[in-house]
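Below: the structure, in structure tokens.
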Amino acid sequence: MLTHKIVSAISDAIYHRRLPPGTKLNERDIAELFDVSRTVVRQALIRLSQDRLVVVSPKRSSTVACPTFDDAYQLYQMLLVMESGVIDQLTRSISEKDLETLRAHTLKERVAFETHDHDLGDQLGRQFHSLLISFMQNDILNQIHTQLRRQEALINALYRSGFDYCQLRDEHSRLVDCLERKDGESAKALLASHYNLVIKGYKFNTAIPPEIDLKAALGL
34 MLTHKIVSAI
44 SDAIYHRRLP
54 PGTKLNERDI
64 AELFDVSRTV
74 VRQALIRLSQ
84 DRLVVVSPKR
94 SSTVACPTFD
104 DAYQLYQMLL
114 VMESGVIDQL
124 TRSISEKDLE
134 TLRAHTLKER
144 VAFETHDHDL
154 GDQLGRQFHS
164 LLISFMQNDI
174 LNQIHTQLRR
184 QEALINALYR
194 SGFDYCQLRD
204 EHSRLVDCLE
214 RKDGESAKAL
224 LASHYNLVIK
234 GYKFNTAIPP
244 EIDLKAALGL
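In short: position in the sequence shown from 1, add 33, done, that's our numbering.
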């Protein structure tokens, strides 16, 4: 329970940019803040490292992960390959019920955009792609995709700039149109364009992070 509390606090601080890439996470300081042993803190940091949010060091302070442009490019390349394969399958097998589910989801995305709820919009955008994968009913595929999506969420949280994403607003709806027409080639071309545009909105900052008030960043 204590481990989960630490994992949740650090994850939330990273995703909301209160802990920038490269921020040192000293085990002793975290242990004092949460009034727990360093063993508990170590367990939490190891769990965070499994989601690639933190880089754990055996001898010195662990740090918030610093994904690079190459990391982001390779990640989206992998997502594109995986989801393109799924599109090939879905253009032959997607049901009316699944199409209705996607339509309802894109409507939620539009509402989030129109109400300027950007955090919800980001969350729904990632969930759209997870929905596509879930229609395959393949647990192994779901697990791999979920892990990649966690990495994508981190990169998005750390490096997304003020880029104008309005061009992305209707792309999920257009992708559903392609699936309904069973036009796999257009759907895959749209997906590739979609990911290229997403990555253009990232600004990779390699500057050394400022001194962080860990207590304030963790909301304690």
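Cβ coordinates follow ideal geometry from the N, Cα and C atoms, glycine included.
A contact between stretches requires three or more CB pairs, one per stretch, nearer than 8 Å, and the segment 145-152 fails this requirement with the segment 124-136. Distance from the Cα of Lys215 is smallest, within the candidate group Ser90, Glu129, Ile173, Tyr228, for Glu129. For Ile245 against Leu52, the beta-carbon gap comes to about 7 Å, under 8 Å, which counts as contact. Bridge pairing for Tyr235: Arg193 [DSSP]. For the options Arg159, Ile120, His227, Leu212, the alpha carbon positioned closest to that of Leu181 is the one of Arg159. In this structure, Ile39 keeps its C-beta atom at 8 Å or more from the C-beta atom of Val88. If you check the CB distance, Glu116 and His49 do not come in under 8 Å. The Cβ-Cβ distance between Tyr192 and Lys236 falls below 8 Å.
Residue nearest to Leu230 within the set Gly217, Gly252, Glu204, Val209 is Glu204 (criterion: CA-CA distance). Nearest C-alpha to Gly234 among Glu185, Val209, Leu253: Glu185. Leu165 carries a helical assignment under DSSP once its states are collapsed to helix, strand and coil. The residue among Val209, Ser90, Pro243 with its C-alpha nearest the C-alpha of Leu165 is Val209.
With a cutoff of 8 Å on beta-carbon distance, Val97 and Ile173 are scored as not near each other.
Between the beta-carbon of Leu123 and that of Glu142 there is about 19 Å, and that puts the pair past the 8 Å contact cut.
Around the beta carbon of His178, 16 or more other beta carbons sit within 10 angstroms, so the residue counts as buried. Your pair Leu224 and Leu113 checks out as a contact, with CB atoms roughly 6 Å apart and the cut at 8 Å.
Your pair Glu218 and Leu132 does not check out as a contact, with CB atoms roughly 18 Å apart and the cut at 8 Å.
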